[in-house]
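In the numbering used here, each residue carries its 1-based index in the sequence shown increased by 3.
Glycine is no exception: its CB is placed at the ideal position from the N, C-alpha and C atoms.
This one's a predicted model, so the numbers in the text were calculated from it and none came from an experiment.
Written out below as C-alpha cells is the structure these notes cover.
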Amino acid sequence: MKILTFAASNTKNSINKALARFTATLVPGAEIEILDLNDYDLPIFSQDLEKEIGQPPAAKAFFEKIGSADGVIVSFAEHNGSYTAAYKNLFDWASRIDQKVFQGKPTVYLSTSPGPGGAASVLASAKGSARFFGVELKAAVSVPNFHDVFDAATGRINEPKALADLTAAAEVLALQEVA
C-alpha cells in the first residue's frame, strides 16, 4: 500500500511534517512517500495568470502524486487560524486541474501546534470542506502541545492518548488494502 504523506507547510523543520511522517510509519506494510511543499514552487494563483500560463508543471505533478497513492496523510499547519499560504496556493492551482484534488483517495487529516489548540481551527476547516475536494476522510486527529508529546530523538509520539488516536487513524488506512 502506497501512502503519500505531507505537511501542509513549507517550513523546513515543520512539526506537522514530523507528525505526518510518524503517522505514516504506523500504517502496517506501507510504502511511504513524503512530499515537501518546497518542491512545488508556484506563482500566486489568479485566474488571469492561469489564462496566461495554463497549468504549471508543479501543480500537475502534485495532482499526479495524489493520484498515484493508495492513501494520503496530510498534517495541517495553522497560520492565523487557517491554511498556510504555501498549501493554499498549491491547492488552488491543483483544484483547477480537477476540483476533486484528492481523487477519492482514503485520507487521514492531522494537525498539530506547539500549544494546547493543536491547530484545531485549520483541521476543522479542512474537515468541513473535504467532501468538495474528493477526500474520502477516514480520520482526523489534532495533537496539541507537540513538543511535549514528541520525542525528537526517536521521531515518535510518546503520549499514550495521542499515540492511540494516531495508531487508530493509521489502521483505518491499512483496512483499505483488504477491503
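Just confirm the distance between the C-beta atoms of residue 72 and residue 6, as a whole number of angstroms; I'd bet it's less than 8 Å. Along the sequence shown, one-based indexing puts residue 72 at 69. Along the sequence shown, one-based indexing puts residue 6 at 3. Their Cβ separation, rounded to whole angstroms, is 7 Å, which keeps residue 72 and residue 6 in contact under 8 Å.
Just verifying my parser: in three-state terms, what is the DSSP assignment at residue 182? Against the sequence shown, residue 182 aligns to sequence position 179. Residue placement at residue 182 is poorly supported in this model, since its pLDDT is 44, which falls under 50; the coordinates still yield a value, given next. Coil, per DSSP.
So, with DSSP's three-state summary, where would you put residue 90? Here residue 90 refers to the residue found at position 87 of the sequence shown. Helix.
Where are the alpha helix (DSSP H) runs, 4 residues long or more, that stay fully inside the segment 21-58, in chain order? 50-56
Could you give the distance in angstroms between the alpha-carbon of residue 172 and the alpha-carbon of residue 131? On the sequence shown, residue 172 is found 169 positions in, with the first residue counted as 1. On the sequence shown, residue 131 is found 128 positions in, with the first residue counted as 1. Taking the straight line joining both Cα atoms gives about 18 Å.
Are the Cβ atoms of residue 152 and residue 110 separated by less than 8 Å? Along the sequence shown, read from residue 1 onward, the residue named residue 152 stands at position 149. Along the sequence shown, read from residue 1 onward, the residue named residue 110 stands at position 107. In this structure, residue 110 does not lie closer than 8 Å to residue 152 by Cβ.
Backbone secondary structure at residue 115 - three-state DSSP: Within the sequence shown, the letter at position 112 stands for residue 115. Correct three-state label for residue 115: strand.
Suppose you measure from the CA of residue 115 to the CA of residue 106; what does that come to, to the nearest Å? Residue numbering aside, residue 115 sits at position 112 when the sequence shown is read from its first letter. Residue numbering aside, residue 106 sits at position 103 when the sequence shown is read from its first letter. Approximately 25 Å between the Cα atoms of the pair.
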